[in-house]
Amino acid sequence: MAIIDWIKDNVAVPVLVFLGVLFLSLWLRRFTYNALERWLNEKRTEFGKIIISVTRGPFLHWLLILGAYIALQVSILAPPWKSLGGKILASIFIAYLGWILIRLSRELIRLYLNRAKVPQAAMTVTMSIVQVTIIVVGILILLELWGAPLTPVFIALAAALVVALIILHDVFPSLVSGIQLSQQKQIKVGDLIRIESGEEGRVEEMTWKNTQIKTLDGSMVIIPNTKLMQTTIINYGKQSKVVTEPFQFSTRLHLRELTGLSARNLSQLVSRLKEAPDAVIYYHTHSFVEEYQFLTPEPTNDFALWIRDALGYDILAERLASIDTFEFPTVGALKQTIVAVIQDFLAQSSQEREAPLGSEFHFIRSIGVVLPTPYVAYNLREFVSALRRISIGSLYFHIFEARLRLQRGTNDFSLWLEDCLGEKELAEQITRLDPYNYTMENLREIIIRFCEKRL
Amino acid sequence: MNTKVNVRDYEPIVGKSYIEELRMLASRLSGKTILNVNSTFVGGGVAEILSRIVPLLNQLGVDVRWQIISGDAQFFRVTKKLHNALHGKAEFISDDDFSLFLETTERNLSQIDFAGDILFIHDPQPAALIAKKSEIGKKWIWRCHIDISRPESKVWEFLRQFTTNYDAAIFSSPNFAQQLPIRQFFAPPSIDALSDKNKELSAEAVNAVLTKYGLDSDKPIILQVSRFDRLKDPLGVIKAFELVRKNFGCQLVLAGGAASDDPESGEVLQEVMERAGGNPDIHILDIPAESDTDINALQRAATIIMQKSLREGFALTITEALWKAKPVVASAVGGIPLQVKNRLTGLLCRSIEGAAYSLRQILANPDYGHWLGRNGREHVRQHFLITREIKDYMLTFLTLEHKEDVIYL
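Below, the structure written as structure tokens:
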């Protein structure tokens, strides 16, 4: 009886309190979670499902710990034991809560960042940061609970934080930028982008820190995400029409070879002209395009220029200047016309003028050196981008030289656009352009404008 | 050479694509060694251009080396005479002089390490080193920087026996070339846009130089930069200025130095001073040769730049003026017509009256002057900058093995 009385006096109350809390907890959990599930079924949110699945079990355990704590407080134990027991139970609760929060945060971060298609590396870094934060806060609360001196801990933590900030000073902005870029979906792998500073290329890879683009000349450019977020980007998107035979841009550089032949009057000029090889005629009828690419429409060819300036035959110079180089499919045909115009003039003039000493016409031969450039285009967008970057020599090679090389009244650009991209109308527009009437930069802009209308 | 200058520094000047093309050419020269040989590492135009071109080519990845020939004072006195005679100046050159030239060449043939696939020999002084070709083979190029359009025949015949054995020659102007049985290429000289003489200057720096020389910054400046030499016709310039001064408020600046190798220059300077008399609008500035920044500032401050020479080489002073977008009035002599395309990139003249007329045209129509200046700058950008000279040299090296008109590399 004494034992029963002892139990009744000393244990019954705490046990009854504990059991009461247990039953109350079971009811509370069922009520709360049923209500939550009903609400979630309406909302159909993954977020709530994760919270329920992660916290359903622990919720009961937390309430049991609460029950044990209340039972302990109503027990007959001495206050120091009550205090010690309370601290132990509180510590278990904090550790347990921290563990669940870590699990919860991991699930939620995975859900959220997966939806945003954030790279795995960014996800890992984010999870690590959150976990460390929860653990540190939990430890601080426990230390506070057990009355440990916190000042040295705070100092150590501050120092660690400063070191971490120094080491990882660019991690956070990059991480945020990476997440923002992915979330906003403004740039995707495969897009052709152009940024304010001029870099342009196709997005090859996006990490939490950098975005890699492959430029048209084949080089890889790594752009920090922080820079990408702060700059103006033109996103041309993905190109649907991609050809298997790309346009390989080449360039032509020229070297001037002296023939040693010169002329001081029209008779000598015409006599030398008749014997001159195509490379000489080509130089004197085309060098102006490159030499005076900043001027239009004068001068048109070296013969007209020399006849006007050195001999003073303005009318003949005008007639030679008005010869439409664009009309001639071959240099030989152009030479015949130039010779005919001069001979016609000579037949009507009675006296010949001599150029002043030192102002003779020197026949120069053009040696063309053709090299492939790193620029390659698989579609119209890439073609336009490369057009903006190629040298004048490259533009010259594909437009001017191509007409004479192909002898088909067209040029390399038009051929590729029609044959490989099916852009017949655009190809014809470029073919119809008389390139001799524009400066090289104007010509570049006009072709780009034509192409952009098709994009 | 300013060692800080990098080939990338030229991108804003000539464009990225231009530098890309230089790199493409350089890659085709991979594995080849080019050995430059001239007569000095310092002083003179050739040493100056090589000191800039060699490091830039090396940066591009081309293995370019540079050696000089050695010789005593007597040898260089002879080569100076040869130089003058090739320019057309009457010089007495004895058989002993020719013998000394050949003996010194013989010594250099045994001293120089001809380690190169292409031997790039500059000017007449080392031209006879071609004798080594029969022993070592390789490709040999003679780069003639001087005007040999009207050479003294005896000297030219002496030099010709060497030049005809080269694989190719490069001349600065079609006018300067000679009838030779070898391939001849045309590569005009160039200026370096990043040198002290041509780099951009602030308005303060320009004004400081005007103040230093007592010039009025509010009055249009007509400038001629040249050494005091009768061939530069300084008296003709003063006369043209006086014709213009009747109708236009302006000042004339004749800036230059006395050439140490020209005993007449002091005398010419004296004549010019006397001809200018007390005219407060004519400023004769005797500027030391190394005052590149001062010359740069004067050219930038000028309204019109003249070069009324009676005889001229290539006239890099005109290139410098055009690069600074200044309208130029220049004689149609030497290499000037290559640079000044009449009424497009400047105005050409053939007389004092013609020069005065051109000056009046520009002073009365500043917009026309600006248009000429802009065209002139673009013309230089395309043709007369150091990057173009580097390109021409690389193209020549690559072309040596080919005979066709269009070469696919």
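Protein chains in written order, with the numbering used here: chain B, 8 to 462; chain E, 13 to 421. Cβ coordinates follow ideal geometry from the N, Cα and C atoms, glycine included.
Residue-level contact to chain A via CB, residue i, 8 Å cutoff
i, result
"residue 286/B", "Judged by its chain identifiers, the structure shown contains no chain A, and its protein chains are B and E."
Outcome for residue i when other beta-carbon atoms lying within 10 angstroms are tallied against a minimum of 16
i, result
"residue 245/E", "buried"
"residue 360/E", "buried"
"residue 263/E", "buried"
"residue 205/E", "buried"
"residue 34/B", "exposed"
"residue 420/B", "buried"
"residue 88/B", "exposed"
"residue 192/B", "exposed"
"residue 154/E", "buried"
"residue 93/E", "buried"
"residue 444/B", "exposed"
"residue 215/B", "buried"
"residue 343/E", "buried"
"residue 284/E", "buried"
"residue 414/B", "exposed"
"residue 36/E", "buried"
"residue 164/E", "buried"
Heavy atom of the ligand ATP within 7 Å of residue i beta-carbon
i, result
"residue 421/E", "Ligands are entirely absent from the displayed structure, and the ligand ATP is therefore not among its contents."
Cut-off 7 Å between Cβ atoms - residues of its own chain near residue i, not counting five sequence neighbours on either side
i, result
"residue 289/B", "338 and 373"
"residue 323/E", "243, 345 and 346"
"residue 58/E", "50, 134, 135 and 157"
"residue 281/B", "346"
"residue 66/B", "36"
"residue 370/E", "341, 359 and 361"
"residue 390/B", "254, 384 and 458"
"residue 335/E", "203, 205, 210, 389 and 392"
Beta-carbon spacing of residue i, residue j below 8 Å
i, j, result
"residue 20/B", "residue 81/B", "yes"
"residue 107/B", "residue 61/B", "yes"
"residue 91/E", "residue 123/E", "no"
"residue 71/E", "residue 26/E", "no"
"residue 235/E", "residue 287/E", "no"
"residue 331/E", "residue 30/E", "no"
"residue 258/B", "residue 407/B", "no"
"residue 140/E", "residue 114/E", "yes"
"residue 210/B", "residue 202/B", "no"
"residue 276/B", "residue 368/B", "yes"
"residue 277/E", "residue 241/E", "yes"
"residue 374/E", "residue 339/E", "yes"
Cβ shell of residue i (< 6 Å), same chain only, five flanking positions each side left out
i, result
"residue 353/B", "273"
"residue 231/B", "217"
"residue 17/E", "206"
"residue 381/B", "224 and 225"
The beta strand (DSSP E) enclosing residue i, as first and last residue numbers
i, result
"residue 151/E", "151-156"
"residue 49/E", "45-50"
"residue 128/E", "No beta strand (DSSP E) contains residue 128/E, which DSSP labels as neither H nor E."
"residue 420/E", "418-420"
Endpoints, the alpha helix (DSSP H) within which residue i is located
i, result
"residue 154/B", "First-last for residue 154/B: undefined, no H or E at that position."
"residue 354/B", "338-355"
"residue 214/B", "Premise fails: residue 214/B is in no alpha helix (DSSP H) and is neither H nor E."
"residue 372/E", "364-376"
"residue 40/E", "28-40"
Close-in-space but distant-in-sequence residues of the same chain around residue i (CB under 8 Å, 5 per side omitted)
i, result
"residue 24/B", "74, 77, 78 and 81"
"residue 188/B", "194, 213, 218, 232, 235 and 236"
"residue 128/E", "45, 46, 47, 77 and 150"
"residue 419/E", "410 and 411"
For residue i: DSSP bridge partner residues
i, result
"residue 369/B", "269/B"
"residue 183/E", "156/E and 198/E"
"residue 231/B", "217/B"
"residue 93/B", "According to DSSP, residue 93/B bridges with nothing at all."
"residue 477/E", "Beyond the ends of chain E as shown, which are 13 and 421, falls residue 477/E; an answer cannot be given."
"residue 46/B", "Answer is none; residue 46/B lacks a bridge partner."
"residue 384/B", "254/B"
"residue 354/E", "358/E"
"residue 286/E", "Paired residue(s): none; residue 286/E is not in a bridge."
"residue 244/B", "199/B"
"residue 261/B", "375/B"
"residue 346/E", "In the DSSP output, where bridge partners are listed per residue, residue 346/E has none listed."
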